[in-house]
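Same order as they appear, the protein sequences are chains D and S. Going by my numbering, the letters in the first sequence line up with residues 5 to 594, in that order. Going by my numbering, the letters in the second sequence line up with residues 6 to 477, in that order. Each residue gets a CB set at the ideal place from its N, CA and C atoms; glycine is no exception. Have a look at the structure below, then the notes.
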Amino acid sequence: MNERIIGQVKRVNGPVIIARGIKDAMMLELVRVGEVRLVGEIIKLEGDTAVIQVYEDTTSLAPGDNIYGSGMPLSVELGPGLIGTIYDGIQRPLEKILDISTHFIERGIELPSLDRSKKWHFIPATVKTGADVSAGMVLGTVQETERVLHKIMVPPEISGKLVMLAPEGEYTIEEVIAEVEHDKKKIPLSMLQRWSIRKQRPAAKRLPPDIPLITGQRVIDTLFPLAKGGTVAIPGGFGTGKTMTQHAIAKWCDAEIIVYIGCGERGNEMTDVLTEFPHLVDPRTGKSLMERTILIANTSNMPVSAREASIYTGVTLAEYYRDMGYNVAVMADSTSRWAEALRELSGRMEEMPAEEGFPAYLPTRIAEFYERAGHMVTLSGEKGSVSIIGAVSPPGGDFSEPVTQHTKRFVRCFWGLDRQLANARHYPAISWLDSYSEYLLDVSPWWEQHAGPSWTTDRAEMMELLQREVRLLQVVKLVGPDALPDSQRFVLEVCSLFKNAFLQQNAFDDVDRYSSVEKQMKMLTIILTYWRRGQEAVRRGVTLVKLKRMKVLQDVVKMKFSISNEDAAAFDKLIARLERGLDQLESIYV
Amino acid sequence: MSDQKKIFDAQRRLQAGKEYIGVHRIDGPLVFIEKTHPVGYRELVECVDAEGKVRLGMVLDTSDSVVVAQIFEGTQGLTMPGTNVRFRGKPLELGVSRKMLGRVFNGIGLPKDGGPEPLADKYCDVNGKPINPTARAYPKDFIQTGISVIDGMNTLIRGQKLPIFSGNGLPHNELAAQIARQAKIRGGETNFAVVFAAMGVKHDVAQFFINSFEHTGVLENVALFLSLADDPSIERLITPRTALTLAEHLAFDHGMHVLVIMTDMANYCESLREISTIRGEIPSRKGYPGYLYSDLAELYERSGMIKGFPGSITQLPILTMPNDDISHPIPDLTGYITEGQIVFEREMHGRNIYPPVAGLPSLSRLMKDGIGKGMTRDDHPHLASQLFAAYSYVKDVRNLASVIGEEELTPLDHQYLEFGEFFERNFVSQKMNEDRTIEETLNLGWEALKKLPVEELHRVTDEEIDRYYHGA
C-alpha cells in the first residue's frame, strides 16, 4: 500500500475529526489518523479541509496529528476463510485480536481480515487457457467448510483472455492462481478480492421473489412468509423478542449462508451465538450451524462509527456469497442502532437535522441498504439471493417513530412484535394483526406445490378467524363471554387453540424449535378440521362444553412438542382420532 | 514508525507540564481555553483556582483555536483572571487497589472518609475499553437472591446487568440492599465485593446503604463512590466510570465476584443532558443528546465474565422512571442495553406488596440458560412459563371484571382471580429480611398453581403435574 501523509488534524470532537491542509485525498478514502493509526474514512471534502469519521475511540488525538491516506476506499477482503469467523464492524478478526492483545479491544490494531498463511486446496474449473473469461466466472473451487464450497470467481469489472490457470494444489489466498490478459495487460488473480463496502456488487438481473425462505417458525412461514431475496423488518420494544426471533431464523432457516450482524447490541448476545451455534446441528445437512455463519459484532460499547459501517460490511459479504449462487440471509440486529449512529455522526458534523434529530438523508440510506437484497441471476448465470431481516428498536415501542416508518416504506414484509404477547410470554410475539407480507402472492404457488393445493385457502380461512376473534373480544370486553351464542364462542375457542397449539413456538424445545413445511401444513389442517367440523356440530346442537372437553384436544395442544417433523403418520392418526371424536359427538344429535 | 511514535510521545510529555494563565470563557461546568499547544481529546485537565486548589476535568472538544474542558468538581468560585489550567497529556486515570474496599470516595475517586489516599496497585483509564466479544464467557451461574419473584420468575445470573425500574417513593433501595445482603451462589465460594456508585442521591439514601452494609457486617467488602445531590452535577458523569474501573480491577485482577449497584441512573442522564445543552448539541428525544444510548452502553456493557478469569461483574443499576413512564428515554434506552429489567408497580406498592415487582413487564434475558436441571430444579423453566401465562390471564380477567362486575365472570375466571390473589400475596410478597431458598420459591409457585384446574396447565409436562401438582 502506498501510504502518504494527506493532512493534519484540525479539530477533534468525538468520532468526527476535521482535517486541514488536505491536498490530494479521495472521497470515502480509507485513512489512518495519528501515530496510533486509528482507522477512519473521509466523508466530506471542502477546500483544503476534510471531515473524517474515525472507527475507533479518538481519546488523546490532538490537533496537528498526521493523517495518512491509503489510496483506496474502505473495503472488505473476500476469499476463503470468511465462514465461521467473527469480525468487528470494519472486518477485523476479533478472535485474532484476542490472540495478540488482551480481553479488551486495544486501539490501532492492524490485522488482515483473512489468514494470509493458511493454505487452501484449490481445484481449477474446466476453463481452458486461452478462453475468454468475464466478470463473475468461476475459475475454481475451494472446500471452505464441510458444507460450503467456495467458488473462486473473476472479480467484477475484470474480463479478458485467460492466459494461466493454476493446477490443483494448496495455495494461500495471495498466491496467483490465474492470469487474465486484457488490452495486452496481464492481470494476476489470487483467491483474495477486495470490494468497497458502500457499493453494491453487480449481478446479471433480478428475478421475482417466488421461493419462500423457510424459517421453521410457524407464524412466519404460514402466516407472513418471507421470500428468498426479500426484505423484512422486525420492530419491537425491548424485551419483545427481536433478538430471539433473529436467532431462531439464523439457526433454522433454509439459507445456505448466514451473515449475522450484531449492530450496537449486547456483547453477551454475540457470545451466546458464538457458544451456541457450533453445537447446533443444521436439520438439513446434519452439519454444525457455525459452518455456514459469519458474525459481525459491533456491540453497543464499541465505537459508534464502526457501527455505521458494520451493516455495509455484512451485506457486502452476503453479496459475495450470493455471486457464488448461494441463498444468503442477512440478520441486522438492530438497524435502529445504525440509524442512531448516523444521527450521532450527523450531529457531530453539525448538519441540519430533520425528524427527531435524524439527518434528512436517513430514508435514502435505509432504501439503499434494503435494495441490496434480491433474488438474482449472478454474473456467472447461477441463481442466488440475499434476504435481509432487519430488526428495528423503536423508542418506547412506538412504531410511529422515523426509523420504523421509513423502514416500512422500503421493506415488503413486516413482523410487528407485540408487547402484550411478550408480557404473556407468547413467543414469537409476532402480532397477527399488525404484521403483513407482500410476498404472499409470490410464494403461494410454491406452497401449494410443496405443502398442498389448499394452502392458500386454508391460510386465508385461519387469518379471517383471527380477525373475527378481535371483533368478538371487543364484545366480550363489554358484556362478558356468556352473552355470546355458542357458535361465536366456538370461534374464540378455536382461535385460542390456534394460538396455543400453532402460533406459540418454544425456541428451546428440541422438537418444537423448528417445524418443517409438512408439519406446519398438517398442524394447520388439524386445527381447521376441528373448526369446520366443530362449527357444524354446534349447529346441530352439540354444546360448547362437550366440544371443549374432547380428550383428543389435549393431544392437539401438545402435538407441537410430541410429534417430530418426520412423523407424518402420527399426524394422520391424530386427525383420524379427532374425526372419530367429532363423529361420536354428532351421532348423538342427528 | 515506532521511532516516530517515540518522538511524538516525548513532545507530548514536554508540553504536558505547561500551565496556562487564565481561561477565556466559563459556561456552566465548561471552561474554554484559547491558543494552546495541541491538546488531546479526552485528556485530563487540572484547573487551579485562585486559592491554589486543583480541580480535575476532561477535554471535550479540541481544535487549533480553542479547547473545551468540563470540570468535574464544578466551576463555582472560578474567576476569569486567576484560574490557571494544566493539561496532563493523558486521560483521567484512577489508581486502583484492593485496599479501596471498606472505604468511601467521591465521584472522581478521592477519599471522602477522612482517611489517606490508598496506595494504588495500578492506574487505569476510567473510560474503560470495550471487551472483545470473543473473550466473554457466557454468564449462566444462578445467583440466589432469596427473593421469590426474582429467583423464580426473573432469575439473576452472575455477570448480568439487571436494572430496577422504579419510581419515586417506591422501595427500590430496600430491594437493592436486600439483594446485596442475601445474594449467594449455591454451594459457591464467597469471594465477593460490592461497589456502590451513588449519583445525585440524597444523604439519607447513601446513609441507608452504609447502615445496611454495616448491620450485616459486609462493609469491609464494599467500596462506596458518592456523588450526592448537593455535589456538582457534572461529577455524576464520572462517578459510575470510576466505580466500574475499580470493579474491573477487583473482578479481573483479583478474581472477585463484584456486584455493582448504581443509583440513580436518571440523575446521571440529567447531567448528561445538562452538558449537552450547554455545548449546544442537537437534541434528540426530550432534549437528551443523540448519543445517550451509546453513552449508557459504555457503562452497562462493563459487566460480565471473561474466559479464563475467575471473577465477574454483575450490575444492578437503579433508575427512577420520571412520572412512572417506562417509555421515557432513560428507562427505554436502558432496557435496550441491559439483560432484562425488574419493574416496580405503584399500584402493588399501594396494596402493601413488597417487593412491588410487576409480574409481566419484568424480565431476565439470561434466565433461560441459568435455570433448570442441574442449576436450579428441573421444573423451573416450565413452572416459570406457566406462572407467567396464568398471571397474564389474571390481568385480563381483572380488566374484564372491572367492566362487567365480578359476579358475571365464569367459574374458571373466579378460580383465576383466586390464583392471582394467592400469587401476589404469598409468592411475590415477602418480608424485607426473608431469605427463601429456590426450592421454597418453586414449591410456593406450585401451591399457587393448585388454585387452577389441571386442564389449564398447558406449559408444564404431565410428569411435572404428577410430581408437584398432585404430589406433596
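Alpha-carbon spacing of residue i relative to residue j, whole angstroms
i, j, result
"residue 332 of chain D", "residue 322 of chain D", "6 Å"
"residue 174 of chain S", "residue 437 of chain D", "38 Å"
"residue 5 of chain D", "residue 325 of chain D", "Caution is warranted here: a pLDDT of 48 is assigned to residue 5 of chain D, below 50, making its placement in the model unreliable, and no coordinate value can be reported."
"residue 361 of chain D", "residue 79 of chain D", "29 Å"
"residue 6 of chain S", "residue 72 of chain D", "Note on residue 6 of chain S: pLDDT 44, under 50, position unreliable in the model; no value is reported."
"residue 49 of chain S", "residue 210 of chain S", "31 Å"
"residue 182 of chain S", "residue 203 of chain S", "13 Å"
"residue 418 of chain D", "residue 238 of chain D", "6 Å"
As assigned by DSSP and simplified to three states, the class of residue i
i, result
"residue 353 of chain D", "coil"
"residue 5 of chain D", "At residue 5 of chain D, the pLDDT of 48 sits below 50, so the modelled position is not reliable; the number obtained from the coordinates is stated separately. In the structure shown, residue 5 of chain D sits in coil (DSSP, three-state: anything other than H, G, I, E or B)."
"residue 419 of chain S", "helix"
"residue 18 of chain D", "coil"
"residue 228 of chain D", "coil"
"residue 166 of chain S", "strand"
"residue 409 of chain S", "helix"
"residue 242 of chain D", "coil"
"residue 346 of chain S", "strand"
"residue 29 of chain S", "coil"
"residue 6 of chain S", "At residue 6 of chain S, the pLDDT of 44 sits below 50, so the modelled position is not reliable and the matter cannot be decided from this model."
"residue 319 of chain S", "strand"
"residue 329 of chain S", "helix"
"residue 430 of chain D", "coil"
"residue 660 of chain D", "Outside the shown range of chain D (5 to 594) lies residue 660 of chain D, about which nothing can therefore be said."
"residue 462 of chain S", "coil"
N- and C-terminal bounds of the alpha helix (DSSP H) containing residue i
i, result
"residue 520 of chain D", "Here residue 520 of chain D belongs to no alpha helix (DSSP H), and DSSP marks it neither H nor E."
"residue 253 of chain S", "240 to 257"
"residue 99 of chain D", "98 to 104"
"residue 219 of chain S", "208 to 220"
"residue 297 of chain S", "297 to 305"
"residue 374 of chain D", "366 to 374"
"residue 186 of chain D", "Here residue 186 of chain D belongs to no alpha helix (DSSP H); instead the beta strand (DSSP E) covers 180 to 186."
"residue 493 of chain D", "490 to 502"
Range of the contiguous beta strand (DSSP E) that encloses residue i
i, result
"residue 189 of chain D", "189 to 194"
"residue 274 of chain S", "Note, residue 274 of chain S: premise wrong, no beta strand (DSSP E); alpha helix (DSSP H) at 270 to 283."
"residue 126 of chain D", "124 to 128"
"residue 199 of chain D", "197 to 200"
"residue 91 of chain S", "89 to 96"
"residue 449 of chain D", "Careful: residue 449 of chain D lies outside any beta strand (DSSP E), inside the alpha helix (DSSP H) at 444 to 454."
"residue 425 of chain D", "Residue 425 of chain D -> not in any beta strand (DSSP E); alpha helix (DSSP H) instead, spanning 423 to 427."
"residue 111 of chain S", "109 to 111"
"residue 175 of chain D", "173 to 175"
Interface partners of residue i on chain S, CB under 8 Å
i, result
"residue 8 of chain D", "Simply none; closest approach about 14 Å."
Partners in chain D for residue i, counting only beta-carbon separations shorter than 8 Å
i, result
"residue 365 of chain S", "427 and 428"
Buried or exposed (CB count within 10 angstroms, at least 16 for buried), residue i
i, result
"residue 220 of chain S", "exposed"
"residue 289 of chain D", "exposed"
"residue 313 of chain S", "exposed"
"residue 135 of chain D", "exposed"
"residue 478 of chain D", "exposed"
"residue 430 of chain D", "buried"
"residue 365 of chain D", "exposed"
"residue 7 of chain D", "exposed"
"residue 97 of chain S", "buried"
"residue 518 of chain D", "buried"
Contact list for residue i against chain S, beta-carbon separation under 7 Å
i, result
"residue 43 of chain D", "Residues of chain S passing the Cβ test: none, with the nearest at roughly 15 Å."
"residue 392 of chain D", "Those within 7 Å of residue 392 of chain D in chain S number zero; the least Cβ separation is about 21 Å."
"residue 399 of chain D", "290, 334 and 337"
"residue 559 of chain D", "Chain S residues near residue 559 of chain D: none, gap ~11 Å exceeds 7 Å."
"residue 276 of chain D", "143"
Distance cut-off 8 Å: residue i Cβ against heavy atoms of the ligand SAM
i, result
"residue 474 of chain S", "For the ligand SAM, the structure offers nothing, since it holds no ligand at all."
Chain D contact residues for residue i, given Cβ-Cβ distances below 9 Å
i, result
"residue 408 of chain S", "481, 482, 483 and 484"
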